[in-house]
Amino acid sequence: MIGVSKIKQYSNVLDKPLSKGKQEVSLSAFAFLFSELVQYNQTQVDNIAELERSRLEDAGYAVGARCLELLCHREKGNRRETRLLGILSFVHSTVWKVLFGKVADSLEKGTEHEDEYMISEKELLVNRFISIPKDMGTFNCGAFVAGIVRGVLDNAGFPAVVTAHFVPMEGQQRPRTTILIKFAEEVLRREARVG
Amino acid sequence: MAAIYSLYIINKSGGLIFYKDYGSAGRMDTNDTLRVASLWHSMHAISQQLSPVLGCAGIELLEADNFDLHCFQSLTGTKFFVVCEPGTLHMENLLKYIYELYTDYVLKNPFYEMEMPIRCELFDINLSQAVQKDRVALLGR
Numbered sequence: 023m024i025g026v027s028k029i030k031q032y033s034n035v036l037d038k039p040l041s042k043g044k045q046e047v048s049l050s051a052f053a054f055l056f057s058e059l060v061q062y063n064q065t066q067v068d069n070i071a072e073l074e075r076s077r078l079e080d081a082g083y084a085v086g087a088r089c090l091e092l093l094c095h096r097e098k099g100n101r102r103e104t105r106l107l108g109i110l111s112f113v114h115s116t117v118w119k120v121l122f123g124k125v126a127d128s129l130e131k132g133t134e135h136e137d138e139y140m141i142s143e144k145e146l147l148v149n150r151f152i153s154i155p156k157d158m159g160t161f162n163c164g165a166f167v168a169g170i171v172r173g174v175l176d177n178a179g180f181p182a183v184v185t186a187h188f189v190p191m192e193g194q195q196r197p198r199t200t201i202l203i204k205f206a207e208e209v210l211r212r213e214a215r216v217g
Numbered sequence: 198m199a200a201i202y203s204l205y206i207i208n209k210s211g212g213l214i215f216y217k218d219y220g221s222a223g224r225m226d227t228n229d230t231l232r233v234a235s236l237w238h239s240m241h242a243i244s245q246q247l248s249p250v251l252g253c254a255g256i257e258l259l260e261a262d263n264f265d266l267h268c269f270q271s272l273t274g275t276k277f278f279v280v281c282e283p284g285t286l287h288m289e290n291l292l293k294y295i296y297e298l299y300t301d302y303v304l305k306n307p308f309y310e311m312e313m314p315i316r317c318e319l320f321d322i323n324l325s326q327a328v329q330k331d332r333v334a335l336l337g338r
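If you read the sequences in order, they're chains A and B. The first sequence begins at 23 in our numbering and counts up one residue at a time. The second sequence begins at 198 in our numbering and counts up one residue at a time.
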């Protein structure tokens, strides 16, 4: 009969326990969806910098904010990170593991500036099938991932400017990708105070 | 180990979207490659009509004195064909593998426009890896 609904287990969806969710997602499905996201935003902006900065990064920011909430509850038992190294290793291991299935390749502190840290990856999952045409210059779809990192850091109380860069490696055909994190002044001052 | 002379990919309407030659035997200039592509597209279509057997999907193999031509047509009408030395083995598997590379590195690329010439670095890199002589032998499992 049309209109007869199934008897729900819980009357209110908010009462249902948070499930672990499906652990596996089709890579092809994600690749096509991401490709469509990039293509759609390309039609909406006037120049490449805007595409990278305001569109892809902002899309990632929303993902990062939600990721932080979910992972704090699931993985860390609602403990809050207050130290810089703590939140960085959280991003480098936990967030990467949940989103991309593996921890990031490396986490380094910048040598030139005190407030710079870098997460490096041989090839970002989002860039796996993407070849950037020559005329787009230094555009990197990894800006989406940079947005995710910025979302996590911002909402955890560590405001930062996060960007994605290609770093050519000698002896390798494809350049490595580095997510550069530049923390705001207040974060460093707070960190110095806490000791 | 027999050699591949050249690889062509043509879109639904018969336009050449990718051409690669391996070795000087099959080398042609751009205009000739475009002609061969549209020629093959038409022949493929005509053969479907001429076939005495019902349900023919088009020419799969053309054998000549100096070369063989293997063709693979996807469900969407994109044709992949390779010109090789007579008697080269495992070409069907190679064409299917190239189709997989196409779906991965060309179709999932947001900067690729459908039916346009393929200019994807990753596709080129993986294709050259696949066509190396020892890899072709491995495809015949």
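Cβ atoms here follow ideal geometry from the backbone N, Cα and C, with glycine treated the same way.
So, helix, strand or coil for residue 70 of chain A, using DSSP? helix
Please report the distance separating the alpha-carbon of residue 102 of chain A from that of residue 174 of chain A. 12 Å
Taking its Cβ as the centre, do 16 or more other Cβ atoms sit within 10 Å of residue 72 of chain A, making it buried, or is it exposed? exposed
Quick one: what does DSSP say residue 150 of chain A is sitting in, helix, strand or coil? coil
Interface residues of chain A facing residue 307 of chain B [CB-CB closer than 7 Å]: 57, 60, 61 and 152
Selection from B:213, B:204 and B:227 that minimises the alpha carbon distance to residue 219 of chain B: B:204
CB contact below 9 Å: residue 198 of chain B versus chain A: At residue 198 of chain B, the pLDDT of 45 sits below 50, so the modelled position is not reliable; the number obtained from the coordinates is stated separately. For residue 198 of chain B, the answer is no, since every Cβ of chain A falls outside 9 Å of its Cβ.
Could you pull the DSSP bridge partners for residue 205 of chain A from this structure? According to DSSP, residue 205 of chain A bridges with A:182.
Between residue 178 of chain A and residue 201 of chain A, how many whole angstroms is the CB-CB distance? I'm expecting something under 8 Å. Not a contact, Cβ separation roughly 16 Å.
Does the beta-carbon of residue 195 of chain A have 16 or more other beta-carbons within 10 angstroms, so that it is buried, or is it exposed? exposed
Taking the alpha carbon of residue 136 of chain A as the point to measure from, which residue in A:83, A:206 and A:42 has its own alpha carbon closest? A:206
Can you tell me the Cα-Cα spacing of residue 76 of chain A and residue 283 of chain B, whole angstroms? 56 Å
Around the C-beta of residue 262 of chain B, are 16 or more other C-beta atoms found within 10 angstroms, so that it is buried, or is it exposed? exposed
Residue 187 of chain A by DSSP, collapsed to three states: which one? strand
Any C-beta of chain B sitting closer than 9 Å to the C-beta of residue 158 of chain A? yes
Expressed to the nearest angstrom, what Euclidean distance is found between the alpha-carbon atoms of residue 161 of chain A and residue 149 of chain A? The alpha-carbon atoms of residue 161 of chain A and residue 149 of chain A are separated by roughly 12 Å.
Candidates A:117, A:143 and A:123: closest to residue 129 of chain A by CA position: A:143
Return the chain-ordered list of same chain residues with a C-beta closer than 7 Å to the C-beta of residue 132 of chain A, the five sequence neighbours on each side being excluded. 138, 139 and 140
Using 8 Å as the threshold, is the region 299-313 of chain B in touch with the region 42-61 of chain A, meaning 3 or more CB pairs across them? yes
Kindly indicate the opening and closing residues of the alpha helix (DSSP H) around residue 83 of chain A. Start and end: 80-96.
DSSP bridge partner residues for residue 217 of chain B (one or two, in chain order): B:204
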